[in-house]
Amino acid sequence: MVDSVIGEKFHMLTVICQLESHDKRRKLLLCQCDCGRYIVASRGEVVGGRKRNCGNKSHHYIDISGHQFGRLTAIKEVGETSSGDKKWLCQCECGNQVVVKSYALRKGLTRSCGCLRRELGQKRFANDIRFLANKGNSTSFLSADGVNLVSLRKGERNTSGVIGVSKEKKTGWWNARLYFNGKYVLLKTFDSFEEAVAARKNAEAQYLQRNYQVEQHSVAND
Ligand SMILES: [Zn+2]
Ligand SMILES: [Zn+2]
Numbered sequence: 005m006v007d008s009v010i011g012e013k014f015h016m017l018t019v020i021c022q023l024e025s026h027d028k029r030r031k032l033l034l035c036q037c038d039c040g041r042y043i044v045a046s047r048g049e050v051v052g053g054r055k056r057n058c059g060n061k062s063h064h065y066i067d068i069s070g071h072q073f074g075r076l077t078a079i080k081e082v083g084e085t086s087s088g089d090k091k092w093l094c095q096c097e098c099g100n101q102v103v104v105k106s107y108a109l110r111k112g113l114t115r116s117c118g119c120l121r122r123e124l125g126q127k128r129f130a131n132d133i134r135f136l137a138n139k140g141n142s143t144s145f146l147s148a149d150g151v152n153l154v155s156l157r158k159g160e161r162n163t164s165g166v167i168g169v170s171k172e173k174k175t176g177w178w179n180a181r182l183y184f185n186g187k188y189v190l191l192k193t194f195d196s197f198e199e200a201v202a203a204r205k206n207a208e209a210q211y212l213q214r215n216y217q218v219e220q221h222s223v224a225n226d
């Protein structure tokens, strides 16, 4: 019989399978503790939370002090969770300190104070822009969150709605600019808006496809 709790995790126990039992009212489950040991417990004990781990406390104390897990280095044990797993104070490479469950460290579920995830999020954000910019219409692209990226990146001086293209008030000419790797690779004036946009797009295709990260910084400083 397929039991719905098979594969589920209750505190430190993961249900492996249901065992044959003479007593039909007492369903027995084979479970694996986070520490690796197997135990047999009744379904009621496991689901009800009366059994939360293999019961071998000393077994759960695994000395990981000084060990590195991603960006985290375990410093010292600082207690245990309600499930019975040990909590460790960790030093992150970025300077922060966090308390993490031993299991999460050993299984690679937690590898930083959160800074790693934030950085990955930023990379994903950059890929978002790149993906949408490649679709050709850089005047109205939105991030996955629906944020209008143009409005985030458009400077005060920009009067055209297109990044890097602005109108000179006095002359009525259009300036096309692209700041890349610390210098302007495009800095020209055109009679028409269309020409300026085309020049900017050409420059984007030439420089930005190769190194999008740098472009992001240059826009911020622009
Ligand atoms: Zn255990
Ligand atoms: Zn960190």
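Mapped onto the working numbering, the consecutive letters of the sequence shown carry residue numbers 5 to 226. A virtual CB, placed ideally from N, CA and C, is assigned to each residue, including glycine. If you're wondering where the values come from, they're calculated on a predicted model, not measured in any experiment.
Under the three-state DSSP convention, the category residue i falls into
i, result
"residue 198", "helix"
"residue 113", "coil"
"residue 166", "coil"
"residue 97", "coil"
"residue 46", "strand"
"residue 179", "strand"
"residue 205", "helix"
"residue 21", "strand"
"residue 37", "strand"
Residue i to residue j span [Cα, whole Å]
i, j, result
"residue 1", "residue 201", "Residue 1 is absent from the model: the chain starts at 5 and stops at 226."
"residue 96", "residue 105", "14 Å"
"residue 40", "residue 206", "58 Å"
"residue 79", "residue 99", "13 Å"
"residue 140", "residue 116", "The predicted model places residue 140 with a pLDDT of 49, which falls under 50 and marks its position as unreliable, so this point remains unresolved."
"residue 170", "residue 188", "15 Å"
"residue 226", "residue 185", "With a pLDDT of only 41 at residue 226, under 50, the local geometry of the prediction cannot be trusted, and the value read off the model is given with reservation. Their backbone Cα atoms lie some 12 Å apart in a straight line."
"residue 74", "residue 103", "14 Å"
"residue 72", "residue 212", "37 Å"
"residue 114", "residue 31", "34 Å"
"residue 1", "residue 38", "The first residue shown for the chain is 5 and the last is 226, placing residue 1 beyond what the model contains."
Buried or exposed (CB count within 10 angstroms, at least 16 for buried), residue i
i, result
"residue 168", "buried"
"residue 56", "buried"
"residue 27", "exposed"
"residue 21", "exposed"
Practice task
Indicate whether the contact test is met: 3 or more Cβ pairs, each with one atom in the region 65-72 and one in the region 98-111, closer than 8 Å.
Solution key: yes
Exercise for the section: Say whether the region 86-101 touches the region 43-52, bearing in mind that this needs 3 or more beta-carbon pairs closer than 8 Å, one atom from each stretch. Expected result: no
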